[in-house]
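In full-length UniProt numbering, the protein residues as written are 1 to 342.
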């Protein structure tokens, strides 16, 4: 259909010349009939001849002008069709140069809108994929503690005569899994606040050694038969500036990760303004080393899963707010060192 319309569409020259010729022919016919009464002395024919000659000259001049316009339009069209060419479109008239410039601006604007649209769609797809990954990660992380709570509760309900030591053991399991769910929810809420930009730093001076000692006590109570060592130089200044609550979250996340993925002692090392968490655990592969701090990232195997993919992402975000970065050194089956400076 479009091809048929294109074939039937006349050129600019044909379109204008046809209409001007028809107009001039009609003018001659009208002129002839209006003044036929004065043809007795044959004076009308020279007049008509002069008029016809004038019309012919007008048609010729118009034809040349239209050819020039057509060439200008062709230049503009060729330039717009080949925007990758470094050559500029050369127009011989000011009006067509202005038209060409405006058309190029419109074209560039349209291309930029298309680029922006593609970027927006890419970001939208990424957000949708992240949202899907988040829901999958949440379901995975919550399934185990919820299943454990249901299982232990059902066992206690089904057997009223269950021995007291076993009942207490099951109740402790239920309590621990409840705490695990609360921890996951707190992590999700914190991550959501970061995403929405609602977390603001409350900078103050505090003793980093005291923070480390409190974390050591809390986690050693949680992970029985595990030891956390704190190494520091008493001559070093232990007072640092930062958001005490958020730095507590950073160190706790890093130490807890170290406890989960190693069986030996975990070390918190404090040197001036540098804090390092050292473990001799399973380590992180080279392929995963640059990815573990990304939101919702989980390794393909279950050896190091970064708990919902949020733990290290939260750590990285908090440190970025403090204008510092998380440094990771790790070798598989040897161990890892997570460090940052304040």
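No residue lacks a Cβ here, since even glycine has one placed at the ideal position from N, Cα and C. Just so it is clear, the structure is predicted and the values come from calculations on it, not from any experiment.
| Item | Value |
| --- | --- |
| Curious, which full-length alpha helix (DSSP H) runs of at least 4 residues does the segment 143-170 contain? | none |
| May I ask you to verify whether the segment 215-229 touches the segment 155-172, counting CB pairs closer than 8 Å and requiring at least 3? | no |
| Alpha carbon to alpha carbon, how far is residue 112 from residue 122? Give it in angstroms, no decimals. | 15 Å |
| Determine the extent of the alpha helix (DSSP H) in which residue 221 is found, giving its start and end residues. | 208-222 |
| Which first and last residues belong to the alpha helix (DSSP H) in which residue 288 is found? | 286-289 |
| Judging by CA-CA distance, which residue of 116, 73 and 223 is the nearest neighbour of residue 97? | 73 |
| Within 8 Å, do at least three Cβ pairs link the segment 144-152 to the segment 164-184? | yes |
| To the nearest angstrom, report how far apart residue 190 and residue 156 are at their CA atoms. | 35 Å |
| Pull up the CB-CB distance for residue 243 and residue 202, whole angstroms please, since I reckon it's below 8 Å. | 5 Å |
| With DSSP as the reference, please indicate the residues paired to residue 243 in a beta bridge. | 203 |
| Would you mind reading off the limits of the beta strand (DSSP E) that contains residue 330? | 327-331 |
| Please report how far the alpha carbon of residue 30 lies from the alpha carbon of residue 23, in whole angstroms. | 11 Å |
| For residue 106, which residues does DSSP report across the bridge? | Note: residue 106 sits in no beta bridge, so no partner. |
| Pull up the CB-CB distance for residue 250 and residue 228, whole angstroms please, since I reckon it's below 8 Å. | So it is not a contact: roughly 15 Å between Cβ atoms. |
| Does DSSP put residue 231 in a helix, in a strand, or in coil? | strand |
| Is residue 212 buried or exposed, if buried means 16 or more other CB atoms sit within 10 Å of its CB? | buried |
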